[in-house]
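Here is the structure we will look at.
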């Protein structure tokens, strides 16, 4: 029963969509490499779902995509979804410190990327009032339970609505197999210094039929623990302690040959801890945060005479708890998202029509005492928002080789009314090997609950000397974007392909908070200033994405990708701490140049090795709250990784890697704001040893 949602899925071979132009070969050098078959693989077309909501070949998908398969995950020794996604072209994994790293697609910060698991939205960022801290990627399924990860670069609001402005990451979990199978992975990371703590990780997956072709079950879980680092700086935090555990269950039923029903339940818990004198300054307070998330989902897929339907009802319940230096629990914020998705796909002779809708209700409570400000009314403790949407999209087959996809989504939000998000995209197979893709797409992101609620005020500006209230603004408009892209993909042989994509994004109505310079009206006679949220400034982001995959011999393979990203703010609305405009500065901390290159050598049937080169160019941190008077600059640099794996038996394999082989670390700027601070903000991870074992049957 290939391609069906429920009980058994036919294994799919992978076609990596990654790769660079031949010109990059000169820059890649030579070296050792990792496990691949010493026979030329038979490569099948990769099947994806994220670009249109239905299954289609990756080369036919109306979007720029990268597919990370289970084979890629094992081969590279990835330890998280964020690490795997962060090595794709057009994507970086960055933050303001080791604890706040997030996925950035095409220069847009993490909150502009929509996360999906099996097509269902994952968004609990609203539990946090100051940044999102990259927590979303901690709530992904364990890698052992994943079939593939689909990364769409560029806006997909025409299908998915808000948050899908920068792109979409869709984690596709394994289907219940035809026979009972299991996988167990365990690894440890040993640091050679104490800037970061040692880490250990274990995960499992088991699945199989309860009744053949009728009912199946899979269970998976993970445990991830990292000790706290032992370094801190005046204007840079070190690595906090982190403990993450999860348990998930999926029950798949086939009530009829043409219908599948899937129930999934997941429970996750993330705990972080910062100790004064270890990962934070001795003058700061000990703190501990715990994030708990439980999700439930029920999905029905039907294959009918007229087409295919899919209906999903799901709910995620997330709680953030915080303990201050007293060790007593003081804070509890809870966000509950409930969603109903429905879609229908109808194939015709010359086109395929898709349409559907979504209902989304969010309820946030526990914010009454959050960052209160003197003399201001008590915050509203409970806020609810309701959104519904309708979409329609059509693939029109102009010829056998040329398809035009056009679609639009209408989102209705109780705060700002209707928002229309159209897109138009073309895919032209010039030859069997050469494909031209391109189009125009729009994106939008709605203001957060706190940003738009006039009944919510928080304290801000503590490091400026002008503390003041920051209240929600009900007149905020959604942030919007228009993106043009053009790409060329050349697949000239099995396992060999090269791609190049140009993109340009114009982003407007950026939401930001700033100091008005006005006296706080409810606290006269103090130094307090009034802060506001507003739609200010525009941003232009453009760039180039290149990728290459090339077998050099029967046993040596090269893969590489390069991304150039240029980001410029326009409008003069945002300023740095010293009051100077941030015009011309990048929107986020994305390096202009990023190169990932890997050489794999399959020594024999059991042993594979690899050498990986990671290059990151100069990055700039332009923000009012970056700790400096003006803009901070992080110099570029390179790291190298050397590793391999050994198949002890067909069921057991061992893996070893030396990461950051040369122990390259960019020095952190030790100065304070008023002593000329303008340099690196990130504590880098030095040389470390990674050891892992995988057991499957």
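Residue numbers (mature numbering (1 follows the signal peptide of the UniProt record, and there is no 0)): -35 to -1, 1 to 662. Built from N, CA and C at the ideal position, the CB exists for glycine as well.
Measure the C-alpha to C-alpha separation of residue i and residue j and round it to an integer number of angstroms.
i, j, result
"residue -15", "residue 504", "At residue -15 the pLDDT is 35, less than 50, meaning the model places this residue with poor confidence; the figure from the coordinates comes in the next sentence. One C-alpha to the other measures close to 29 Å."
"residue 151", "residue 527", "31 Å"
"residue 272", "residue 83", "20 Å"
"residue 507", "residue 614", "48 Å"
"residue 455", "residue 17", "22 Å"
"residue 578", "residue 606", "7 Å"
"residue 464", "residue 558", "17 Å"
"residue 612", "residue 111", "21 Å"
"residue 620", "residue 565", "14 Å"
"residue 274", "residue 360", "17 Å"
"residue 170", "residue 109", "6 Å"
"residue 600", "residue 54", "21 Å"
"residue 655", "residue 249", "32 Å"
"residue 214", "residue 174", "14 Å"
"residue 196", "residue 63", "12 Å"
"residue 74", "residue 570", "43 Å"
"residue 46", "residue 491", "48 Å"
"residue 514", "residue 459", "10 Å"
"residue 298", "residue 626", "42 Å"
"residue 352", "residue 182", "33 Å"
"residue 35", "residue 113", "6 Å"
"residue 674", "residue 123", "Residue 674 lies beyond the residue range present for the chain, which begins at -35 and ends at 662; the question has no answer from this structure."
Rounded to whole angstroms, how far is the Cβ of residue i from the Cβ of residue j, which I believe are closer than 8 Å?
i, j, result
"residue 322", "residue 307", "6 Å"
"residue 432", "residue 469", "Rounded, the Cβ-Cβ distance is 40 Å, inconsistent with contact."
"residue 422", "residue 341", "5 Å"
"residue 594", "residue 543", "4 Å"
"residue 389", "residue 363", "Wrong, their Cβ atoms sit about 13 Å apart, outside the cutoff."
Put residue i into one of helix, strand or coil per three-state DSSP.
i, result
"residue 618", "strand"
"residue 25", "helix"
"residue 455", "strand"
"residue 177", "coil"
"residue 444", "strand"
"residue 40", "helix"
"residue 148", "strand"
"residue 654", "strand"
"residue 333", "coil"
"residue 46", "helix"
"residue 475", "coil"
"residue 435", "strand"
"residue 529", "strand"
"residue 125", "helix"
"residue 35", "helix"
"residue 519", "coil"
"residue 13", "strand"
"residue 543", "coil"
"residue 450", "strand"
"residue 662", "coil"
"residue 323", "strand"
"residue 372", "strand"
"residue 193", "coil"
"residue 20", "coil"
Indicate whether residue i and residue j have their beta-carbon atoms separated by less than 7 Å.
i, j, result
"residue 546", "residue 510", "no"
"residue 172", "residue 142", "yes"
"residue 23", "residue 11", "yes"
"residue 516", "residue 532", "no"
"residue 131", "residue 555", "no"
"residue 277", "residue 259", "no"
"residue 336", "residue 424", "yes"
"residue 471", "residue 442", "no"
"residue 402", "residue 452", "yes"
"residue 610", "residue 573", "yes"
"residue 237", "residue 205", "yes"
"residue 478", "residue 496", "yes"
"residue 450", "residue 119", "yes"
"residue 279", "residue 267", "no"
Does the ligand NAP have a heavy atom nearer than 6 Å to the CB of residue i?
i, result
"residue 538", "Of the ligands one can find in the structure shown there are none, so the ligand NAP has no counterpart to examine."
Is the Cβ of residue i closer than 7 Å to any Cβ of chain C?
i, result
"residue 596", "Looking for chain C here will not work: only one protein chain is present."
Fully enclosed by the segment 65 to 122, which alpha helix (DSSP H) runs are 4 residues long or longer?
You should have found no qualifying run.
Scan the segment 559 to 642 and note each continuous beta strand (DSSP E) run of 3 residues or more that stays entirely inside, going in chain order.
Within the segment 559 to 642, the runs of beta strand (DSSP E) that reach at least 3 residues and sit entirely inside it are, in chain order, 572 to 581, 584 to 586, 597 to 599, 602 to 612, 617 to 624.
What are the uninterrupted segments assigned as beta strand (DSSP E) that are 3 or more residues long and contained completely in the segment 374 to 432, given in chain order?
Along the length of the segment 374 to 432, whole beta strand (DSSP E) runs at least 3 residues long occupy 382 to 394, 399 to 410, 422 to 425, reported in chain order.
Ranges of the beta strand (DSSP E) found wholly within the segment 212 to 273, counting only runs of at least 3
Fully enclosed beta strand (DSSP E) runs of 3 or longer: 224 to 239, 252 to 268.
Beta strand (DSSP E) segments (min. 3 residues) lying fully within the segment 476 to 504
Scanning the segment 476 to 504 from its first residue to its last, the whole beta strand (DSSP E) runs of 3-plus residues come out as 476 to 484, 494 to 500.
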